[in-house]
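Asks:
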Amino acid sequence: MDVLFLIVVDIILPVFWLVGVGAFLHRKFKFDINTLSKLTTYCLMPAVTFLNIYESKLQWDLLLIIVGYLMLLSLTLIIISTGISKLVKFDRKLSSIFKNSVVLSNSGNFGLPVSQLIFHNNPLGISVQIVVTIFQNLLTYTYGLLNSVSVHHNKGWKIVLEFLKIPTLYAVLLGFIFNSLTIKIPLFIKNPLDNVSNAFLAIALLTLGAQSAYLKINRIPLILSLSVIGRLIISPLISLIIITCLGIEGTVAQALLIASSFPTSRNTALFALEYNNHPEYAAQTVLVSTILSSITVTIVVYMAKILFG
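Quick note on the numbering used here: the sequence shown kicks off at 3 and runs consecutively.
1) Given that a residue counts as buried once 16 or more other Cβ atoms are within 10 Å of its Cβ, and exposed if not, what is residue 162?
2) Excluding the five sequence neighbours on either side, which residues of its own chain have a C-beta within less than 8 Å of the C-beta of residue 298, listed in chain order?
3) Quick one: using the 10 Å Cβ neighbour count with 16 as the cut-off for buried, is residue 190 buried or exposed?
4) Identify whether residue 263 lies in helix, strand or coil by the three-state DSSP scheme.
5) Look at the alpha carbon of residue 307 and the alpha carbon of residue 32, and state the distance between them as a whole number of angstroms.
6) If we require 4 or more residues per run, which alpha helix (DSSP H) segments fall completely within the region 264-309?
7) Sort out for me which residues DSSP pairs residue 107 with in a bridge.
8) Are there 16 or more other CB atoms within 10 angstroms of the CB of residue 276, so buried, or fewer, so exposed?
9) Could you check whether residue 80 and residue 133 sit closer than 7 Å to each other, using their CB atoms as the reference points?
10) What is the DSSP secondary structure of residue 199, counted as helix, strand or coil?
11) Between residue 292 and the rest of its own chain, which residues show a CB-CB distance below 6 Å, the 5 nearest in sequence each way excluded?
12) Within its chain, find whatever has a CB closer than 6 Å to the CB of residue 24; leave out the 5 residues flanking it on each side and keep chain order.
13) Take every Cβ of the region 32-43, pair it with every Cβ of the region 178-193, and state whether three or more of those distances are shorter than 8 Å.
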């Protein structure tokens, strides 16, 4: 109960305060949501992605097994979500949202604080979560972005050209280069980057609130139910199977299992808004999965400690 209380008070409530403020302000002042989307995609996202990768203290000896696990988990979720979307005959836009909502998790502003709470006396657990966050960044701006862009382009070269226009791709590459070569960034560049990066969480959540300001869930759409089940239930179950098969144990196993249970990434809603892929459904999925994750994440944390403690 202590973990549940801390997650709700320290993570869930602050998130929904900002979402609520965004919804209230949009109802009052009618924001230009398209402008907010462009600001987030072309300014805030690249800054936060670059700094996240640049400042990470990676434990390279853990990378091979963790990345292998993450690739297996992601590939399995991609196959399952693609199969389900074809089975229920989602159109291309809904299929894009559904697949991203299952595969992409909120491992950054949700996952890192949760891991810091759980592993506050165990740096290894936090290090594992940092690797997961970096992997999710790469997955988001490769698979997730291409998944969103491809809805509007049938030809492969057009998809690639559209993908190459996104600055976050270059932020990821630069982050790895600067991190690997330990290049020191001068303060007159670093300070503005820090300021922009610090604004990302607030602006992204306010934008999500604005997207959600006029949402009405009179009934629970099929895509919402399937997305929440896929992200919060199927993902941890598959994770447990892979961890067991690979023979991963201890803190690393705990951290990976817990990370698999985090809610749908906010980027799912941001991409849907940017490319007009039913953004109302995407926003609903992010909100509902985040609310319900306060329960499911707590259960997974408890199970992880029993199974791998």
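Yeah, the Cβ is synthetic: ideal placement off N, Cα and C, and Gly gets one too.
Since the model is a prediction, treat every value here as computed from it, not as a measurement.
Replies: Result, derived from the coordinates:
1) Taking the sequence shown and counting its residues from 1, the one referred to as residue 162 is at position 160. So residue 162 ends up on the exposed side.
2) Taking the sequence shown and counting its residues from 1, one reaches residue 298 at position 296. Hits under 8 Å: 234, 235, 238, 263.
3) Locating residue 190 in the sequence shown gives position 188, counting from the first residue. Exposed, because fewer than 16 other Cβ atoms sit within 10 Å of the Cβ of residue 190.
4) Along the sequence shown, read from residue 1 onward, the residue named residue 263 stands at position 261. Three-state result, residue 263: coil.
5) In the sequence shown, counting from the first residue as 1, residue 307 sits at position 305. In the sequence shown, counting from the first residue as 1, residue 32 sits at position 30. In a straight line, the C-alpha of residue 307 is about 46 Å away from that of residue 32.
6) Entirely contained in the region 264-309, the alpha helix (DSSP H) runs reaching 4 residues are, in chain order, 268-276.
7) For this step, residue 107 is matched to residue 105 along the sequence shown. 266.
8) Numbered from 1 along the sequence shown, position 274 holds the residue referred to as residue 276. That one is buried.
9) Mapped onto the sequence shown, residue 133 falls at position 131. Mapped onto the sequence shown, residue 80 falls at position 78. No, these two residues do not count as a Cβ contact at 7 Å.
10) In the sequence shown, the residue the question calls residue 199 occupies position 197. The answer is helix: DSSP assigns residue 199 an H, G or I state.
11) As a first step, residue 292 must be located in the sequence shown, where it is residue number 290. Closer than 6 Å at Cβ, skipping near neighbours: 265.
12) For this step, residue 24 is matched to residue 22 along the sequence shown. Only 208, 211, 212 meet the Cβ criterion.
13) no
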